[in-house]
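Before any comments, here is the structure.
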Amino acid sequence: MPIIENPKNFDYGHIFIMRGKNILVKKGSSAQASTAKPLGKEDLPDQQTATKCLSAQIVSDWYAEAELDYCALMLEDGSPTPSALEEIPLRQFFWQSKSEEEQKNAVTSKVSSLAARAHGFLCLRQTYRYCPKCGSLLTVHSTQVAKVCPSCGRIDFPRIEPAIIVLVSKGDQILLAKSKTVVSGFYSCIAGFMEHGESAEQCVEREVMEETGLKIKNIVYKGSQPWPFPDQLMLAFTAEYESGQIKIQESEIEDAGWYSRDNLPPIPHPGSVAYNLIMGIFGNK
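Next comes the structure, spelled out in structure tokens:
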């Protein structure tokens, strides 16, 4: 089914309102969320609120997918937050929308999967507006989830960028690194984008060697998670240290070292793939 461009009403089961990397939910719902009552579609904005946002001209883009029963809106940066809503990081929503079983097994909940799709598509719609072949303005395809060039006929489907993330262990210690490009200051697992011609496992070996100078062994796939910032699919692995001394890639890494789980530096929050790996959640599988 095609994307519905700028629908005139919001009669859908899930209404996602985003701003930047955040999602808007009903006020107080995040504080009350638990694994017994995770965030769900009842905590999302209602039709009336979405209509008011559109009428207030604070929406930069919106679309719907009728087959999946959801619509998505992106608010302008700096626009006021509707009084009945509050803004939380999308990563936090991913975590708080999971049941206890889903959290334990690093399973993506249905509503967080839709939220990831909604945010990813909103970002793609903003970024990919012109045909990469002839430069004409793209339009929505009439029958597929894609954009089509009215001039040359080229069809572009939503892109996904696969990336690996790996937790390397050395006995009871794990390898964590602080990136120069991430402003949070967290220490996280080694991660990077896959390159043409390499398998995911080859990418794991390459990224660890490039960023820390270490050779690894026993690479094991653990799971995956959509990460729509803007369009990644994270493939999670574990591996074991084989040889070498840490020598950081100074253009990418600020610091790296071996840590025990009872003495960790600041790490990414729940909801991220890195958190699942560091806390051993993927290891339950």
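Take the sequence shown: its position 269, counting from 1, is numbered 268 in numbering that gives the first Met the number 0, and each next residue is one higher. Glycine is no exception: its CB is placed at the ideal position from the N, C-alpha and C atoms. Please read these numbers as outputs of a predicted model, since none were measured by experiment.
Taking only the alpha-carbon atoms, compute the straight-line gap between residue i and residue j and give it to the nearest angstrom.
i: M233; j: I87; result: 22 Å
i: H92; j: C52; result: The question names His, but residue 92 is Phe in the sequence shown. Their backbone Cα atoms lie some 21 Å apart in a straight line.
i: A30; j: G256; result: 35 Å
i: L263; j: Q172; result: 10 Å
i: I189; j: I252; result: 10 Å
i: Q102; j: P267; result: 16 Å
i: H195; j: D45; result: 43 Å
i: F9; j: N104; result: 34 Å
i: A65; j: H13; result: 10 Å
i: K109; j: R90; result: 15 Å
i: E241; j: T180; result: 27 Å
i: K132; j: Y62; result: 25 Å
i: P149; j: P6; result: 21 Å
i: I247; j: T48; result: 49 Å
i: P269; j: M278; result: 10 Å
i: C130; j: I154; result: 9 Å
i: E85; j: S96; result: 16 Å
i: N56; j: D254; result: Residue 56 is actually Gln in this sequence, not Asn. Each residue's Cα considered, the two are about 45 Å apart.
i: I2; j: V106; result: 27 Å
i: E100; j: W94; result: 12 Å
i: H118; j: G170; result: 39 Å
i: S141; j: S250; result: 45 Å
i: T126; j: V147; result: 15 Å
i: F228; j: S187; result: 17 Å
i: L43; j: F156; result: 28 Å
Per DSSP, residue i forms a beta bridge with which residues?
i: E4; result: Y62
i: Q56; result: Q56 pairs with nothing; no bridge assigned.
i: W257; result: L174
i: F192; result: A162
i: Q224; result: M233
i: M73; result: M17 and D60
Any heavy atom of the ligand MN inside 7 Å of the beta-carbon of residue i?
i: E209; result: Of ligands this structure carries none, so the ligand MN is not represented either.
Let me know if residue i comes out buried or exposed under the rule of 16 or more other beta-carbons within 10 Å of its beta-carbon.
i: V182; result: exposed
i: Q224; result: buried
i: C122; result: buried
i: I163; result: buried
i: R18; result: buried
i: P81; result: buried
i: G27; result: exposed
i: C151; result: exposed
i: L136; result: exposed
i: I215; result: buried
i: G77; result: exposed
i: G222; result: buried
i: A238; result: buried
i: S198; result: exposed
i: E41; result: exposed
i: E303; result: The question about residue 303 has no answer, for the chain in this structure spans 0 to 284.
i: T211; result: buried
i: I16; result: buried
i: I159; result: exposed
i: A176; result: buried
i: N21; result: buried
i: D261; result: exposed
i: D32; result: As written in the sequence, residue 32 is Ala, which differs from the Asp given in the question. Per the 10 Å Cβ criterion, buried.
i: K284; result: Here K284 scores only 45 on pLDDT, less than 50, and its place in the model should not be relied on; the value that follows carries that caveat. The residue is exposed, with fewer than 16 neighbouring Cβ atoms inside 10 Å.
Using CA coordinates, which residue listed in the options is at the minimum distance from residue i?
i: M0; options: A49, V144 and K246; result: V144
i: G243; options: K7, P269 and V207; result: V207
i: M193; options: N217, T211, V165 and T107; result: V165
i: A235; options: V167, K179 and I57; result: V167
i: G184; options: K25, P79, P265 and L74; result: P265
i: D60; options: T34, R124 and A32; result: R124
Taking only beta-carbon atoms, is residue i less than 8 Å away from chain C?
i: Q56; result: This model lacks chain C altogether, as it is built from one protein chain only.
Problem set entry | Cβ contact check for the region 272-281 and the region 196-206: 3 or more pairs under 8 Å | As far as the Cβ criterion goes, the region 272-281 does not touch the region 196-206, which means the pair count is below three.
Exercise. Is the region 112-129 touching the region 67-84, taking contact as three or more C-beta pairs under 8 Å?
Worked result: Cβ pair count under 8 Å is three or more, so yes.
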